[in-house]
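Counting from 1, position 28 in the sequence shown corresponds to residue 136 in my numbering; the numbering is continuous, with no gaps. The next block holds one structure in the form of structure tokens; read it before the comments.
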Amino acid sequence: ILERFTSEKCGNCPGADRYVKADIDKMKAAGLRVSYIMYHSGYYEDFLTMPESEKLYGYFFPDGKSYAPAMSINRTYLPKESALVQHAALYDPKEWATKMKNDKQGVKIESINQKISDGTLEVVVKGIALKNSFDPEDLYLTVLVTEDNIPARSQRGAGKGYKHEAVPRLYLTAATGNKLKVEADGSFTVTLRGTLKSTWVGSQCHVVAIVHPSIKQPDRASRAVHTAETAPLGFGLANEPVAPAQAPIVTAEGGYLNILGRVDAFELYDMSGALVTTTVGTRLLPGTYIIRIFSDLRVYTSKVIVR
Numbered sequence: 109i110l111e112r113f114t115s116e117k118c119g120n121c122p123g124a125d126r127y128v129k130a131d132i133d134k135m136k137a138a139g140l141r142v143s144y145i146m147y148h149s150g151y152y153e154d155f156l157t158m159p160e161s162e163k164l165y166g167y168f169f170p171d172g173k174s175y176a177p178a179m180s181i182n183r184t185y186l187p188k189e190s191a192l193v194q195h196a197a198l199y200d201p202k203e204w205a206t207k208m209k210n211d212k213q214g215v216k217i218e219s220i221n222q223k224i225s226d227g228t229l230e231v232v233v234k235g236i237a238l239k240n241s242f243d244p245e246d247l248y249l250t251v252l253v254t255e256d257n258i259p260a261r262s263q264r265g266a267g268k269g270y271k272h273e274a275v276p277r278l279y280l281t282a283a284t285g286n287k288l289k290v291e292a293d294g295s296f297t298v299t300l301r302g303t304l305k306s307t308w309v310g311s312q313c314h315v316v317a318i319v320h321p322s323i324k325q326p327d328r329a330s331r332a333v334h335t336a337e338t339a340p341l342g343f344g345l346a347n348e349p350v351a352p353a354q355a356p357i358v359t360a361e362g363g364y365l366n367i368l369g370r371v372d373a374f375e376l377y378d379m380s381g382a383l384v385t386t387t388v389g390t391r392l393l394p395g396t397y398i399i400r401i402f403s404d405l406r407v408y409t410s411k412v413i414v415r
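Structure representation (structure tokens):
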């Protein structure tokens, strides 16, 4: 996710647009799905500034000293800046595309289902979190609605016809996120509601969902993003899997498990529900077991009979 800070009173901000576009294009070309938010907060206020964005910006900058244009990629800590942000021109698109592509993500948002009725938006975010890839006490979900193509009123540094993109319009969670509960099988489901304004152009709006550690923690280096997804307002995700999902094949020979296929982690339970093992090197007593396999951010459950 690219998060940017701007203001109509910032004459240098329009000049950063081309650098942001280069980052987005390079990341998409590398096969990444990119979410984008442009906060009108911090440096100066304007007609698009929201209280939630104002509350959020202080966590990105050292000692709350903000500036614009400034941008963050996946809330990655930058030691030389002592912050999560730097000028958009200083990001090397190729370098950051490679970095983000190589980062192993332990959380996946599988769907952002939406329903709109009488101006009320209901969003159901579903996903899965890979065991041991996150701290269950430090996992948060932020969901908001953004709007594109908003005509500027008096943008400095730009000519007539300048438009604002990815502007936050409605937070369905706290700006800093709501704590996310993950079930024992790694799944999570969150239902959120909010009121849409008739002045917003629905076809230009998106729902953005971000799963992340707390941005409030004092250690800036621990602030990050596990994953983010964007869906058009009123529609679900359009992400198609690269290849059909295939469940790993589980067999048992000589009292030991054999698992064919990609496996990130697994848990084997006896029929009473007690955890037996999480490694294939454990010799098993004859009997019937339940195995739960975590593979490529999916969970597969099946029976295993050891003879």
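Built from N, CA and C at the ideal position, the CB exists for glycine as well.
At a cut-off of 7 Å, is L393 close to the ligand HEM when judged by its beta-carbon and the heavy atoms of the ligand?
What this structure holds is no ligand at all, so the ligand HEM is not there to describe.
Are T250 and I318 close, meaning C-beta to C-beta below 8 Å?
yes
Residue range of the unbroken alpha helix (DSSP H) whose run includes A205
201-210
N-terminal and C-terminal residue of the beta strand (DSSP E) that W378 is part of:
One point to set straight first is that residue 378 is Asp, not Trp, in the sequence displayed. Here the beta strand (DSSP E) through D378 covers 373-378.
Please report the distance separating the alpha-carbon of Y248 from that of G342.
23 Å
So what's Q312 in DSSP terms, helix, strand or just coil?
If DSSP states are grouped into helix, strand and coil, Q312 belongs with the helices.
Are the region 217-229 and the region 136-145 in contact at 8 Å, needing three or more beta carbon pairs?
The region 217-229, when compared against the region 136-145, does not touch it at the 8 Å Cβ threshold.
Report buried or exposed for V350, applying the criterion of at least 16 other Cβ atoms within 10 angstroms of its Cβ.
Legend: pLDDT at V350 = 40, less than 50; position of this residue unreliable, value from coordinates given subsequently. The residue in question, V350, is exposed, as its Cβ has fewer than 16 Cβ neighbours within 10 Å.
Option nearest W308 by Cα separation, candidates P326, A292, L280, I258
Checked all of P326, A292, L280, I258; the closest Cα to W308 is I258.
Enumerate in chain order the residues of its own chain whose CB-to-CB distance from G310 is below 6 Å, with the five nearest sequence positions on each side excluded.
Cβ within range, chain order: L341.
Candidates S143, D378, I367, E162: which alpha carbon is nearest S149's?
E162
Per-residue DSSP class, three states only, for P321:
coil
Of all the options Y147, G389, D133, A373, which has the alpha carbon lying nearest to the alpha carbon of L252?
Y147
Taking the CB atoms as reference points, tell me whether V193 and F113 lie closer together than 8 Å.
The beta carbons of V193 and F113 sit closer together than 8 Å.
Between which residues of its own chain and K117 is the CB-CB distance below 7 Å, once the five residues before and five after are set aside?
Y152, D154, R264
Examine chain B for any beta-carbon lying closer than 8 Å to the beta-carbon of E218, and answer yes or no.
Within the model displayed, chain B is absent; a lone protein chain is all it includes.
Rounded separation between E375 and F402 - CA only:
9 Å
My guess is that L383 and V414 are in contact by the Cβ rule of under 8 Å, so how many angstroms apart are they, rounded?
The Cβ separation is near 16 Å, so there is no contact.
Is the beta carbon of L238 closer than 8 Å to that of A332?
no
Residues near K202 by beta carbon distance below 8 Å, same chain, minus five either side:
K134
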